[in-house]
Amino acid sequence: MNSVVEVQDLTKRFGRLTAVDDVSFIVREGEIFGLLGENGAGKTTTMEMLEGFQRPDAGSVHVLGQVPSHARRNWRDQIGLVLQESDFDPLHSVSETIGLFASFFSHPRGVDETLALVGLTNKANERVGKLSGGQKRRIDVALGIVGRPKLLFLDEPTTGFDPVARREFWRVIEGLRETGTSIILTTHYMEEAERLCDRLAIMAKGQIVAEGTSSALISALGTTTLRFELPDGIHLAALCEVAGVNFALRDNVVSALLGDDLELVLWRLITWTRSNGTALRHLEVLRPTLNDVFLGATGSDQ
1 MNSVVEVQDL TKRFGRLTAV DDVSFIVREG EIFGLLGENG AGKTTTMEML EGFQRPDAGS
61 VHVLGQVPSH ARRNWRDQIG LVLQESDFDP LHSVSETIGL FASFFSHPRG VDETLALVGL
121 TNKANERVGK LSGGQKRRID VALGIVGRPK LLFLDEPTTG FDPVARREFW RVIEGLRETG
181 TSIILTTHYM EEAERLCDRL AIMAKGQIVA EGTSSALISA LGTTTLRFEL PDGIHLAALC
241 EVAGVNFALR DNVVSALLGD DLELVLWRLI TWTRSNGTAL RHLEVLRPTL NDVFLGATGS
301 DQ
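Sequential numbering from 1 applies to the sequence shown in our numbering.
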């Protein structure tokens, strides 16, 4: 599969601050690639270098085969941008605003098609200044996709969306991927990243600290919690010896963080309880989530 983005040893400094520190990754044609990180992690600066708004101090970046900071109009014609914030003329209607931006591209979508994709058909003749914050955010998205981009940058695209609107937008993005559009997404919503991203990279302090599919990252970096009520008449030490695990006890609830040894520990416990006529009441196996992995990888859970 061809790559649409190739980043190698990318570095960007602002005075003494190293905002992006020796970052490397690729984005393949037709995939959604997520950049996750806390505010200040370097996501936006990385995106700005990919978009051509910032020049790197070291390393290289190629987007659709060109260096973004030196690219010409034909390159821009293939790029779609949804920035964190935009400013529109409040007196223009929604359709006028989208029509204006459509005129900047050589093969744009129709205004009506674009309005339908972002759920603004019933606001076509409404003045932009009268829209809610969430509706204005939909205009941002509309302007990003109106040019039929080969590569779409989405920087926190669903901020301000209610849960229903967010899920509707996910279907739009998945539809774009099915047409071959490559997408780079930043988001603070872990459910969104897990649902949409084929692969993702987690950034902290300007560096990529984890990269892969969400399932691979959860499997490699996540820990599973095993929890149950301490059986009557059983000492914690006995359970630890049987299972080969250092359990913790709090409010009569036994718990432990486990990895690949989960199945073995469960087998030992269940075999032991059956042979002793004891039950593990309120047994729970809590699987890790992408949010757990994110917090662990960035040090936010400390």
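Think of the CB as a built atom: it goes at the ideal place given N, C-alpha and C, for glycine as much as any other residue. All figures in this text were calculated on a predicted structure; none of them were measured in a lab.
In chain order, each alpha helix (DSSP H) run of at least 4 residues that lies wholly inside the segment 56 to 107: 73 to 76 and 94 to 102
Per the DSSP calculation, V242 is bridged to which residue(s)? Walking along the sequence shown from the start, residue 242 turns up at place 242. DSSP lists no partner for V242.
On the three-state DSSP scale, how would you describe Q135? Along the sequence shown, one-based indexing puts residue 135 at 135. If DSSP states are grouped into helix, strand and coil, Q135 belongs with the helices.
Which residue comes first and which comes last in the beta strand (DSSP E) that contains A124? For the purposes of this step, residue 124 is identified with residue 124 of the sequence shown, where counting begins at 1. Segment: none, A124 is in no beta strand (DSSP E) and carries neither H nor E.
Looking only at its own chain, which residues have a Cβ that is under 8 Å from the Cβ of D341, when we skip the five neighbours before and after it? Residue 341 lies beyond the residue range present for the chain, which begins at 1 and ends at 302; the question has no answer from this structure.
Can you give the beta carbon distance from F33 to D198, rounded, assuming they're within the 8 Å contact cut? The sequence position of residue 33 within the sequence shown is 33, counting from 1. The sequence position of residue 198 within the sequence shown is 198, counting from 1. The Cβ separation is near 7 Å, so the contact holds.
Checking 8 Å against the spacing of the C-beta atoms, do L17 and V61 come in under that value? For the purposes of this step, residue 17 is taken as the residue at position 17 of the sequence shown. For the purposes of this step, residue 61 is taken as the residue at position 61 of the sequence shown. Contact: no.
Anyone know if the C-beta pair for A184 and M47 falls short of 8 Å? Within the sequence shown, residue 184 is the residue found at index 184, counting from 1. Within the sequence shown, residue 47 is the residue found at index 47, counting from 1. In the sequence as presented, Ala is not what sits at residue 184; that position holds Ile. Against a cut-off of 8 Å, the Cβ pair of M47 and I184 comes out as a contact.
Spatial neighbours of A142 within its chain, please: C-beta separation below 6 Å, excluding the five flanking residues on both sides. Within the sequence shown, the letter at position 142 stands for residue 142. I98, T114 and V118.
Since I believe P68 is in contact with G80 (beta carbons under 8 Å), could you give me their beta-carbon distance rounded to a whole number of angstroms? Mapped onto the sequence shown, residue 80 falls at position 80. Mapped onto the sequence shown, residue 68 falls at position 68. In fact, because the Cβ distance is near 14 Å, the residues do not count as touching under 8 Å.
Nearest candidate by alpha-carbon position, reference A256, set W267, G296 and V285: As a working note, residue 256 is residue 256 in the sequence shown. For the residues W267, G296 and V285, the minimum Cα distance to A256 belongs to V285.
For G37: DSSP bridge partner residues: Position 37 of the sequence shown, counted from the first residue, corresponds to residue 37. In DSSP, G37 forms no bridge with anything.
If you run the structure through DSSP and keep just helix, strand and coil, what is A283? If you number the sequence shown from 1, residue 283 lands on position 283. The question names Ala, but residue 283 in the sequence shown is Leu. Correct three-state label for L283: coil.
Going by CA-CA distance only, name the one from L35, A243 and S93 that's closest to T213. Working through the sequence shown from its first residue, we reach residue 213 at position 213. The shortest C-alpha separation from T213 is found at L35.
Provide the residue span of the alpha helix (DSSP H) that contains K43, from first to last. Position 43 of the sequence shown, counted from the start, is the residue given in the question as residue 43. Start and end: K43 to E51.
Quick one: what does DSSP say L230 is sitting in, helix, strand or coil? Within the sequence shown, the letter at position 230 stands for residue 230. Coil, per DSSP.
Considering only their Cβ atoms, is the gap separating V172 from F101 smaller than 8 Å? As a first step, residue 101 is located in the sequence shown; it is residue number 101 there, counting from the start. As a first step, residue 172 is located in the sequence shown; it is residue number 172 there, counting from the start. Result no, Cβ atoms of F101 and V172 do not sit closer than 8 Å.
Delimiting residues of the alpha helix (DSSP H) encompassing E178: As a working mapping, residue 178 is identified with position 178 in the sequence shown. Unbroken alpha helix (DSSP H) run through E178: P163 to E178.
Through-space distance from V293 to L266, alpha-carbon basis: Stepping through the sequence shown from its first residue, residue 266 is reached at position 266. Stepping through the sequence shown from its first residue, residue 293 is reached at position 293. Going from the Cα of L266 to the Cα of V293 covers about 23 Å.
Between the CA atoms of H70 and A41 - distance to the nearest angstrom: As a working mapping, residue 41 is identified with position 41 in the sequence shown. As a working mapping, residue 70 is identified with position 70 in the sequence shown. So the two alpha carbons sit approximately 26 Å from each other.
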